[in-house]
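For reference, each letter of the sequence shown is one residue, going 1 to 210 in UniProt numbering.
Using N, Cα and C, we set each Cβ at its ideal position, and we do this for glycine too.
As structure tokens, the structure follows; a few thoughts come after it.
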Amino acid sequence: MSIQKHLPRFFVIAGLVGATLLGTACAPLVVGGAMVGGALMATDRRTSGIQIEDQGIELKAGTRVREVLGDRGHVSINSYNRLVLITGEVDSEADRTAVEQAVSRVENVRNTFNELAVMGSTSLTSRSNDVIIRSKVKASLIDAKDVMSNAFDLHVERAVVYLMGRVTEREATRATDIARSVSGVQKVVQVFEIISEAELAEMLPKPKAQ
1 MSIQKHLPRF FVIAGLVGAT LLGTACAPLV VGGAMVGGAL MATDRRTSGI QIEDQGIELK
61 AGTRVREVLG DRGHVSINSY NRLVLITGEV DSEADRTAVE QAVSRVENVR NTFNELAVMG
121 STSLTSRSND VIIRSKVKAS LIDAKDVMSN AFDLHVERAV VYLMGRVTER EATRATDIAR
181 SVSGVQKVVQ VFEIISEAEL AEMLPKPKAQ
């Protein structure tokens, strides 16, 4: 299945983790987001301001989703550079559409990518398997010497790996190949903002003068 939303400079191709579960009486909802501060912020290709905005988007979107669904479904919200990936399971196509509309109205959202499935919520066993798959993909990216693992935001739902980030086409292709090679992965979906090699060079720390 391909995601049909294409934006200028974005490369989106089809092929839950690192997130906080909001434990309430409402629908299970997962909101992702990188920890702000320290080394992670320093290596993130988003500005510190955008990282904070992404966290705000996830929290606000989570509130909107709870208002729409009540105690129905299981939804994960992940924002990277104000692009919002929506994954999980809902009871009906109407719920799927309503969630996307609610999230798209959140302030500062640039675009939404709705990967919700109309089906029953996944089991704890399935979600535990997703955690394992994410760990294996992350480890494989770290082991690879030709990509920067911290450039990628990883999410896994029903053994489908979603890759987000601001990366070059070379990095996008390499990371996708790595993820596809991990056992248990059913499909890889790219939700990238593609940058040039020159833009990447500008982002990287400059070597200190001797």
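Coil, strand or helix - residue i by DSSP
| i | result |
| --- | --- |
| Arg-166 | strand |
| Glu-89 | strand |
| Ile-133 | helix |
| Ala-117 | strand |
| Asp-54 | helix |
| Leu-69 | helix |
| Met-148 | coil |
| Ser-123 | coil |
| Asp-44 | coil |
| Arg-105 | coil |
| Lys-60 | helix |
| Glu-199 | helix |
| Leu-204 | coil |
| Val-99 | helix |
| Ser-128 | helix |
| Ala-34 | Any answer about Ala-34 is weak, because its pLDDT of 41 lies below 50 and its placement is not dependable; what the coordinates show is given next. Coil, per DSSP. |
| Ser-140 | helix |
| Asp-177 | helix |
Given residue i as reference, the closest of the options once Cα atoms are compared
| i | options | result |
| --- | --- | --- |
| Leu-163 | Met-148, Asn-81, Val-189, Ser-149 | Val-189 |
| Ala-102 | Gln-186, Ile-57, Ile-50 | Ile-57 |
| residue 211 | Pro-207, Ala-175, Asn-111, Asp-91 | One cannot answer for residue 211 here, as it falls past the ends of the chain, which runs 1 to 210. |
| Met-148 | Thr-47, Arg-170, Asn-108 | Arg-170 |
| Val-106 | Asp-146, Asp-54, Val-137, Arg-134 | Asp-54 |
| Asp-95 | Val-109, Leu-83, Ser-135, Arg-72 | Arg-72 |
| Thr-47 | Leu-59, Val-68, Asn-81 | Asn-81 |
| Glu-197 | Pro-205, Lys-206, Val-167, Lys-208 | Val-167 |
| Ile-133 | Val-185, Arg-110, Asp-146 | Val-185 |
| Ile-50 | Ile-195, Pro-207, Ile-194, Arg-110 | Arg-110 |
Bridge-paired residues (DSSP) for residue i
| i | result |
| --- | --- |
| Asp-153 | Met-164 |
| Asn-111 | Leu-83 |
| Thr-188 | Rather than Thr, the amino acid found at residue 188 in this sequence is Val. Beta-bridge pairing links Val-188 to Val-161. |
| Ile-194 | Val-167 |
Contact set for residue i: own chain, Cβ-Cβ below 6 angstroms, skip 5 residues either direction
| i | result |
| --- | --- |
| Glu-93 | Val-118 |
| Lys-136 | Val-182 |
| residue 219 | Residue numbering for the chain in the displayed model covers 1 to 210; residue 219 lies beyond these limits and cannot be assessed. |
Assumed close pair residue i, residue j - CB separation to whole angstroms, cut-off 8 angstroms
| i | j | result |
| --- | --- | --- |
| Phe-192 | Ala-172 | 5 angstroms |
| Asp-177 | Glu-157 | Not really, about 20 angstroms apart at Cβ, beyond 8 angstroms. |
| Arg-45 | Ala-201 | Wrong, their Cβ atoms sit about 12 angstroms apart, outside the cutoff. |
Own chain, CB closer than 7 angstroms to residue i, minus 5 neighbours either side, in chain order
| i | result |
| --- | --- |
| Tyr-85 | Strictly speaking, residue 85 in this sequence is Leu, with Tyr absent from that position. For Leu-85, where only same-chain residues beyond five positions count, the Cβ hits under 7 angstroms are Asn-78, Phe-113, Glu-115, His-155, Tyr-162, Met-164, Val-191. |
| Thr-122 | His-74, Glu-89, Arg-158 |
| Gly-23 | Reliability of the predicted coordinates at Gly-23 is poor, the pLDDT of 34 falling under 50, and the value obtained from them is presented with this limitation in mind. Here the set comprises nothing. |
| Leu-141 | Val-147, Ser-149, Phe-152, Ala-175, Ile-178 |
Beta-carbon proximity list for residue i, same chain, < 8 angstroms, skipping 5 on both sides
| i | result |
| --- | --- |
| Asn-108 | Glu-53, Gly-56, Ile-57, Arg-82 |
| Lys-60 | Val-106, Glu-107 |
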